[in-house]
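Residue numbers (the numbering used here): 885 to 1195.
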Amino acid sequence: MTIVTDTRLSTAHDLGPASSEAGFEPRASDFFALLKPRVMSLVVFTGLVGIVLAPGGIHPFIGFTALLCIAVGAGASGALNMWYDADIDARMSRTLSRPIPSGRLTPDDALAFGLILSAASVLTMGLLVNLLAAALLAFTIFFYAVVYTMVLKRRTPQNIVIGGLSGALPPVIGWAAVTNAVSIESLSLCALIFFWTPPHFWALSLVKAADYGAVGVPMMPNVAGPESTRRQIVAYAVLLAPLGLAPVLLGFAGMVYGVAAAVLGLVFLGLAVRLYVKRDNRAAMQLFAFSILYLFLLFALLLVERLAGLA
């Protein structure tokens, strides 16, 4: 099954009247919504874990500045994504209430906001933390806003697979903020998030396939079909289970984390297999919900172990 993905459905500037013409006055909450706060919260948390786990110390002010820059950079990426995707957001039930489709903000509002936050976060990181962390942050923003949003999302079912790198880099940025280096340990955390992203998002896309198909976004269920998508979810779950144990094997996590990671990985795999067998939306949403808990618990355990002196 294939869908047409060759052009944008419309430009973001053709969505209708500006917010002021529609009777809306922009509010702080509307700009905050552009930051994708739920996505940002996970980015900030994994970035924090990277800062705490990195060897050596960092001044609390510098550490806070690095974390703030990661948060602002993630928010900037979200704003630029909403600017570019405003045309399809207006046609999908999941995104119809976002600030631009609902008319509360104009596309120009989102573009300016995203560009200002991008520049501010990268410059601040470079001036107050270090240039490597700033370069990694700039790459992350560029990769999400340009490579994923503008190039991959509407052209290939591998959009989430490749684009997932942007969401996987925050612990590497946090680690680099402390050490001014990229290490195998930080890359293992990046790999964990990278391989977690496809089964996490494909579980949701199985439920929302009609929405994506209607706007020409080639998500895996629309292109390869639900059956192939479920098989790939199981394959990624098989890869994810041992990756969760990498921090133990690399020596920066303890046995508490190791046991929990093994159990959580098996549960993840079990839910993926259940989705393959059941083939229904309920099983897909159960895997989607657990995948969020899975990643949060793994990073929370890494944080708790380090703060408690157990690793």
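Virtual Cβ for every residue (Gly too), placed ideally from N, Cα, C.
- Burial state of residue 1149 is buried, judged by a 10 Å Cβ sphere holding 16 or more other Cβ atoms.
- Inclusion of residue 1099 and residue 984 in the CB contact set at 9 angstroms is not warranted, their separation being larger than that value.
- Look at the stretch 1040 to 1094 and you find these whole runs of alpha helix (DSSP H), each 4 residues long or longer: 1043 to 1052, 1054 to 1063 and 1068 to 1091.
- CA-CA distance, residue 975 to residue 1142, rounds to 44 angstroms.
- Taken in chain order, the unbroken stretches of alpha helix (DSSP H) that lie wholly in the stretch 1083 to 1151 and span 4 residues or more are 1093 to 1098, 1104 to 1107, 1110 to 1127 and 1130 to 1133.
- The continuous alpha helix (DSSP H) containing residue 933 extends over residues 921 to 937.
- A buried status is given to residue 1048, since no fewer than 16 other beta-carbon atoms sit within 10 Å of its beta-carbon.
- Residue 992 counts as exposed, since fewer than 16 other C-beta atoms from the protein chains shown sit within 10 angstroms of its C-beta.
- Here the C-alpha atom of residue 1022 lies approximately 6 angstroms from the C-alpha atom of residue 1006.
- Closest in C-alpha terms to residue 1052, from the list 950, 1019, 963 and 930, comes 930.
- Nearest to residue 1086 by alpha-carbon distance, out of 1180, 1067, 1065 and 1111, is 1111.
- For residue 1067, same chain residues with a beta-carbon under 6 angstroms away, outside a window of 5 residues either side, do not exist.
- If you draw a straight line from the Cα of residue 1118 to the Cα of residue 1153, it is about 7 angstroms long.
- If you draw a straight line from the Cα of residue 1173 to the Cα of residue 1157, it comes to about 15 angstroms.
- Just so you know, the alpha carbons of residue 927 and residue 936 end up roughly 14 angstroms apart.
- Taking 9 angstroms as the cut-off, the Cβ atoms of residue 1088 and residue 1113 do not count as close.
- Contact annotation: residue 988 and residue 910 have beta-carbon atoms nearer than 9 angstroms.
- In this structure, the alpha-carbon of residue 1151 lies about 17 angstroms from that of residue 1116.
- Take residue 1071, set aside five residues on each side of it, and the residues of its chain with a beta-carbon closer than 8 angstroms to its own are 1056, in chain order.
- Here residue 1025 is near residue 960, since their CB atoms are less than 9 angstroms apart.
- Within the model, the alpha-carbon separation for residue 915 versus residue 1121 is close to 36 angstroms.
- Proximity to residue 1168 across 1064, 1092, 1029 and 1134 peaks at 1092, based on C-alpha coordinates.
- In this structure, the beta-carbon distance from residue 939 to residue 1063 falls below 9 angstroms.
- Counting C-beta atoms within 10 angstroms of its own C-beta, residue 965 has 16 or more neighbours from the protein chains shown and is therefore classed as buried.
- Rounded to the nearest angstrom, the gap between the Cα atoms of residue 1038 and residue 1101 is 5 angstroms.
- In this structure, residue 1058 places its C-beta atom within 9 angstroms of the C-beta atom of residue 951.
- It is roughly 28 angstroms from the alpha-carbon of residue 1135 to the alpha-carbon of residue 1046.
- Secondary structure of residue 992 (DSSP, three-state): helix.
- A Cβ-Cβ distance of about 6 angstroms is found for the pair residue 1194 and residue 1140, placing them in contact under the 8 angstroms criterion.
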